[in-house]
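Visitor:
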Amino acid sequence: LSLSRVAIKSKIKQVGFSNFNSLTSEELDAYLKDAKEQLNAVEAENAKISDDIKVLRSTYVEATGLGHITCFEAKCIAIVLAAEKAVEVNCTRLWIEADSQAAVTAFNGASIPCVLKARWIQAN
1 LSLSRVAIKS KIKQVGFSNF NSLTSEELDA YLKDAKEQLN AVEAENAKIS DDIKVLRSTY
61 VEATGLGHIT CFEAKCIAIV LAAEKAVEVN CTRLWIEADS QAAVTAFNGA SIPCVLKARW
121 IQAN
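Residue numbers 1 to 124, in our numbering, belong to the letters of the sequence shown in order.
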């Protein structure tokens, strides 16, 4: 006996998420099988995204001398360099993570350091 996904979801909506007592053994097995398939699909997609991020992180690495600057300035320069690299490789979406809340906040608002503002605008 195989149950359709729609029938299972319909039954689950009727009983709510905390009470599976009204489901038959076959219905519960079908629900669990479907849930496992969906979980496996999500895990596979997450693994692919994670692998893509690792490739990007290890592929596009630059080292350059920055002179005597503050940590904040270095983080801001790194953000601008990432945006410039994204433009260079025709990336239309960019996710930037940084351990400096001040740098991230600066780029979310209008507090971009003056020396980087033109480069940031050009990269956008």
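The C-beta atom is built at its ideal place from N, Cα and C for all residues, glycine as well.
#1: When DSSP labels each residue in this structure, what does Ile-112 get in the three-state scheme?
#2: Does the distance from the CB of Glu-84 to the CB of Ala-123 come in under 9 angstroms?
#3: Alpha carbon to alpha carbon, how far is Leu-81 from His-68? Give it in angstroms, no decimals.
#4: Would Cys-71 and Pro-113 be called neighbours here (beta carbons separated by less than 9 angstroms)?
#5: Given a cut-off of 9 angstroms on the beta-carbon distance, is the pair Ile-96 and Phe-107 in contact?
#6: What residues in its chain sit with their C-beta under 6 angstroms from that of Val-115, if we drop five residues either side in the sequence?
#7: So, are the CB atoms of Ala-102 and Ile-79 less than 9 angstroms apart?
#8: Between which two residues does the alpha helix (DSSP H) holding Ile-69 run?
#9: Per DSSP, what kind of secondary structure is Val-15 in: helix, strand or coil?
#10: Does DSSP put Ser-25 in a helix, in a strand, or in coil?
#11: For Ser-100 and Glu-73, what's the separation of their Cα atoms in angstroms?
#12: Given this structure, state the Cα-to-Cα distance separating Leu-28 from Val-104, to the nearest angstrom.
Guide: In terms of the structure at hand:
#1: coil
#2: yes
#3: 18 angstroms
#4: no
#5: yes
#6: Excluding sequence neighbours, Val-115 sits near nothing in its chain.
#7: No, the pair does not count as a contact, with Cβ atoms beyond the cut-off.
#8: Here Ile-69 belongs to no alpha helix (DSSP H), and DSSP marks it neither H nor E.
#9: Its pLDDT being 45, under 50, Val-15 is placed unreliably by the model, and the measurement read from it follows with that caveat. Val-15: helix per DSSP, three-state reduction.
#10: helix
#11: 10 angstroms
#12: 47 angstroms
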